[in-house]
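Q:
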Amino acid sequence: MQTSNEPLTCAKLHEGEPDIDVALVRELIAAQFPRWSHLPVEPFASSGTVNAVFRLGDDMTVRLPRTAGGAEDVAMESRWLPWLAPQVPVAVPSVLGRGEPGEGYPWAWSVHRWLEGENPVAGTVTAPRALAEDLAAFVTALRRADATGGPTAYRGGPLAADDAETRAAIADLRSMSADAVDLDVDCDAATAAWETALRAPAWDGPPVWVHSDLMPGNLLVREGRLRALIDFGTAGVGDPACDLIVAWNLLPADVRETFRASLGADDATWARGRGWALSMALIQLPYYAVTNPGLAANARHVIREVLADHARAS
1 MQTSNEPLTC AKLHEGEPDI DVALVRELIA AQFPRWSHLP VEPFASSGTV
51 NAVFRLGDDM TVRLPRTAGG AEDVAMESRW LPWLAPQVPV AVPSVLGRGE
101 PGEGYPWAWS VHRWLEGENP VAGTVTAPRA LAEDLAAFVT ALRRADATGG
151 PTAYRGGPLA ADDAETRAAI ADLRSMSADA VDLDVDCDAA TAAWETALRA
201 PAWDGPPVWV HSDLMPGNLL VREGRLRALI DFGTAGVGDP ACDLIVAWNL
251 LPADVRETFR ASLGADDATW ARGRGWALSM ALIQLPYYAV TNPGLAANAR
301 HVIREVLADH ARAS
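All residue numbers in the sequence shown are consecutive under UniProt numbering, ending with 314.
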């Protein structure tokens, strides 16, 4: 991660999002964690869409959910991160404090230990094969964790659950293109690729632990190697296919097979994973085209990569 020169107020990404700024964070810390009230607070530039993130002192972060749905993740991470941490080969967040609503802020929030590293960017990965192996090792370890009693993963069910939202996003992209907002998407090809993914056989194995949001903004690397995973709010148990999305949102095409082989992904699981990557990107692009340029750029990248894969297979 790196320090930020962002404004003191976080730009809003969602309708109805509360005002979140440095002053609010200072008030919440002073009221609920006075032992940290002397520490400096700085906003942190992030492509994340669920939490506004602030750095607290040198070794902590404050995470304030932007929506009521995001606030539900606070309890999930507090419950499960300590249990998952020793079972995976890289660092995951440590929850140091769980805040309550206050000072005009309506939801639960949290303080985490600062984790060192930088977010990788698709197209600039310096050690792609090693990173693919690191990611596969993390996913494999997570799958081996006991799934008994685990929460349902956000993307742990069938692809068809996102069919209506994905098709609505394609319609939005068509409309934006008609209005001369060029988002560089072949909507017909995207529809065909999505429909191919929907035809993949469903997962028929036992549910396993998945992160379900392996986006570049949730990975921390150092010298090209994976060092930490953050934001486990969507994690839980379900179909392992959703953790394959990183093959298209970050890894170059020539190392995807390394990642796939390391995980032993069969054709159906690989197809569902590609479908999840496409669905996420199609939904993200029209929604964040203006408010989150970094995420929108990655969405364009994913769509290009998935459509290229689909064209080669057709």
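Glycine is no exception: its CB is placed at the ideal position from the N, C-alpha and C atoms.
Inspect the CB distances between the region 105-115 and the region 243-251 and report whether three or more fall short of 8 angstroms.
A: no
Q: Hey, would you say residue 341 sits closer than 8 angstroms to Val237, going by beta carbons?
A: The question about residue 341 has no answer here: the residues shown for the chain are numbered 1 through 314.
Q: Per the DSSP calculation, Glu42 is bridged to which residue(s)?
A: Arg55
Q: Taking the Cβ atom as the reference point for each residue, do Gly99 and Gln32 lie within a distance shorter than 8 angstroms?
A: yes
Q: May I ask which residues mark the beginning and end of the beta strand (DSSP E) holding Met60?
A: 60-65
Q: From Tyr287, Asn298, Asn292, Val306, pick the residue whose C-alpha is nearest to that of Arg272; which is it?
A: Val306
Q: Report the partner residues of Gly236 according to the DSSP bridge assignment.
A: Per DSSP, Val210.
Q: Could you tell me the alpha carbon to alpha carbon distance between Gln2 and Leu229, rounded to whole angstroms?
A: Because Gln2 sits at a pLDDT of 34, beneath the cut-off of 50, its placement in the model cannot be relied upon, and the point is left open.
Q: I'd like to know whether the C-beta atoms of Asn218 and Asp231 end up nearer to each other than 8 angstroms.
A: yes
Q: Which residues bound the alpha helix (DSSP H) around Ala137?
A: 128-144
Q: Helix or strand or just coil, what does DSSP make of Val221?
A: strand
Q: DSSP beta-bridge partners for Glu118?
A: Val221.
Q: Taking DSSP as the reference, what is the three-state secondary structure of Ala175?
A: It should be pointed out that residue 175 corresponds to Ser in this sequence rather than to Ala. If DSSP states are grouped into helix, strand and coil, Ser175 belongs with the helices.
Q: Is there contact here, the region 8-26 with the region 287-294, by at least three beta-carbon pairs under 8 angstroms?
A: yes
Q: Do Leu131 and Leu226 have their C-beta atoms within less than 8 angstroms of each other?
A: The answer is yes: Cβ separation under 8 angstroms.
Q: Taking C-alpha atoms, which residue in Asp134, Trp80, Glu77, Thr126 lies nearest to Val90?
A: Asp134
Q: Can you tell me whether DSSP reads Trp109 as helix, strand or coil?
A: strand
Q: Quick one: what's Gly102 bridged to in DSSP?
A: Tyr105
Q: Could you tell me the distance, in whole angstroms, from the CA atom of Thr269 to the CA atom of Ala200?
A: 8 angstroms
Q: What are the start and end residues of the alpha helix (DSSP H) that includes Leu288?
A: One point to set straight first is that residue 288 is Tyr, not Leu, in the sequence displayed. Segment 267-288, the alpha helix (DSSP H) holding Tyr288.
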